[in-house]
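See structure below.
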């Protein structure tokens, strides 16, 4: 659970850093962020606060 929380915080910080950039840097950052998100997807799924696939 602690690992999932730390990962969520890291992703939020990463996204916040991306907002400070502009133009091509932001695009490149968004791509890197997407890759990171996919890599952490399985971990996030185990943490309902971040991802609830069954919520309707």
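Numbering (the numbering used here), first residue to last: 15 to 70.
Glycine included, each C-beta is placed from N, C-alpha and C at the ideal position.
As a quick exercise: from the options, pick the residue whose alpha carbon is nearest that of residue i.
{"i": "residue 49", "options": "29, 36, 34 and 38", "result": "29"}
{"i": "residue 31", "options": "46, 55 and 54", "result": "46"}
DSSP three-state label for residue i, please.
{"i": "residue 34", "result": "coil"}
{"i": "residue 70", "result": "Summary for residue 70: the model assigns pLDDT 46, below 50, so the residue's position carries little reliability; its value from the coordinates is reported in the next sentence. Here residue 70 sits in coil by DSSP."}
{"i": "residue 54", "result": "coil"}
Going by beta-carbon coordinates alone, are residue i and residue j separated by less than 8 Å?
{"i": "residue 51", "j": "residue 25", "result": "yes"}
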